[in-house]
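S.K.: Each residue of the sequence shown is one higher than the one before, starting from 345 at the first, in full-length UniProt numbering.
Idealized CB from N, CA, C, for every residue including glycine.
I have a structure I would like to understand better, so I am pasting it below and will then ask my questions one at a time.
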Amino acid sequence: ERILIGFLHDISDRVAAEKELLETRDRALAGERAKAEFLAVMSHEIRTPLNGILGNLSLLNDTALSPIQTRYLRNMEISGRVLMRHVDTVLDITRFEAGKLDVNIARTDLSSLLQELVDSQLSAANRHGTTLNWRWEGPARAWVRTDRAALEQVLLNLVGNAIKFTDDGTITIEAEALSETINGLPVMELRVSDTGIGISEDRLPKVFDDFVTNDPTLGRVPGGTGLGLGIARRIVTALGGEIGVESTPAQGSTFWVRLPMEEGRQPPATKPSGPA
Ligand code: ADP
């Protein structure tokens, strides 16, 4: 005699739940796309008239103005440029979300990139009573293949932050060719170190997240969107590298970027050297 036992599960609930989950995800994705599209369109629409305002303000510079008018004009230009930077930040983010960052790898002279970066930021650093310098560590490899504009944007952000959070201190940019490789390519480590306010242990893991901005208890002027390091991380990831930070409160921070870089074919004619 055989006994047959059968089990019957009613899975209609589970099927319905899964279907609902999929629908929710699709709706969320469509929502994200619509949001990104809206932000991209709005940013473009804001950029055009803003360019018109900034262009006309700079024309006013060439006309005879009283000292007070000159001051108002200068304030308008500063605010206009801040607004433009915010708009560009939003555009950058939407571009990344849409996966539209075009990586443009070309032969790049790293020493001239760093020199130009330091030159462009010297006066801002000096306004904080801070010195800014750069140096090579280990075997200098000045010619590399990377995306110059993208790398510049990352370093500009790191140096800008270092200046913002360092008064009467020192900021050092270092480049070191590491012995390790990523995908068979040699790795260049770039470090931006400052002797500024540092970052507390609990905030340290969050600084690369979007919209993480100043610690309000520090009482410093905020003035940031909290997106700079988020964009830096997206760029570095797109270039196949890594970004990180080490910091001690009240002593300073070191942000590092490790990027795989092919060596440029031609060696530099002269050995690169930083300012004394
Ligand atoms: P933002 O500068 O617009 O606030 P970021 O994403 O560039 O945004 O930086 C996030 C936060 O990380 C900053 O607000 C600050 O609290 C902290 N931070 C970044 N760089 C430094 C630095 N060099 N020294 C101290 N704190 C820093």
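Whose C-alpha, out of 579, 588, 603, is nearest the C-alpha of residue 439?
M.R.: Nearest of 579, 588, 603 to residue 439, Cα basis: 579.
S.K.: Between which two residues does the beta strand (DSSP E) containing residue 556 stretch?
M.R.: Where residue 556 is concerned, there is no enclosing beta strand (DSSP E), given that its DSSP letter is neither H nor E.
S.K.: Need the endpoints of the alpha helix (DSSP H) that residue 571 sits in, please.
M.R.: No alpha helix (DSSP H) holds residue 571; DSSP gives it neither H nor E.
S.K.: Within 10 angstroms of the Cβ of residue 370, are there 16 or more other Cβ atoms? Answer buried if so, exposed if not.
M.R.: Residue 370 should be labelled exposed.
S.K.: If you reduce the DSSP assignment to three classes, tell me which class residue 408 lands in.
M.R.: Three-state result, residue 408: coil.
S.K.: Buried or exposed: residue 518, going by 16 or more other Cβ atoms within 10 Å of its Cβ?
M.R.: Buried, because 16 or more other Cβ atoms sit within 10 Å of the Cβ of residue 518.
S.K.: What three-state label does DSSP hand residue 363 in the structure shown?
M.R.: Looking at residue 363 - three-state DSSP - the assignment turns out to be helix.
S.K.: Under the three-state reduction of DSSP, which class applies to residue 402: helix, strand or coil?
M.R.: DSSP places residue 402 in helix when its eight states are reduced to three.
S.K.: Between the beta-carbon of residue 537 and the beta-carbon of residue 596, is there less than 8 Å?
M.R.: Yes, the Cβ-Cβ distance between residue 537 and residue 596 is below 8 Å.
S.K.: CA-CA distance, residue 572 and residue 589?
M.R.: Their backbone Cα atoms lie some 14 Å apart in a straight line.
S.K.: Per DSSP, which residues does residue 538 bridge with? Please list them.
M.R.: Note: residue 538 sits in a beta bridge opposite 515, 597.
S.K.: Kindly indicate which three-state DSSP category residue 448 falls into: helix, strand or coil?
M.R.: Correct three-state label for residue 448: coil.
S.K.: For residue 529, write down the residues that DSSP places opposite it in a beta bridge.
M.R.: Answer is 526.
S.K.: Can you check whether the C-beta of residue 584 is within less than 8 Å of a C-beta belonging to chain C?
M.R.: Although the question refers to chain C, the structure presented lacks it and comprises just one protein chain.
S.K.: When every heavy atom of the ligand ADP is checked, does at least one fall within less than 7 Å of the C-beta of residue 517?
M.R.: Checking every heavy atom of the ligand ADP against the Cβ of residue 517, none is found closer than 7 Å.
S.K.: On a Cα-Cα basis, can you pick out the residue from 526, 478, 582 that is closest to residue 604?
M.R.: Ranking 526, 478, 582 by Cα distance to residue 604 puts 526 first.
S.K.: Among 587, 358, 420, 377, which has the Cα closest to the Cα of residue 502?
M.R.: Nearest option by C-alpha distance: 587.
S.K.: Could you tell me how far apart the beta carbons of residue 447 and residue 606 are, in whole angstroms, since I believe they sit closer than 8 Å?
M.R.: Not confirmed; about 13 Å, so no contact.
S.K.: Alpha carbon to alpha carbon, how far is residue 565 from residue 359?
M.R.: Residue placement at residue 565 is flagged as unreliable, the pLDDT there being 49, under the threshold of 50; a coordinate-derived value is accordingly withheld.
S.K.: Span of the alpha helix (DSSP H) holding residue 503?
M.R.: Unbroken alpha helix (DSSP H) run through residue 503: 492–508.
S.K.: What's the gap between the Cα of residue 348 and the Cα of residue 364?
M.R.: Taking the straight line from one Cα to the other gives about 36 Å.
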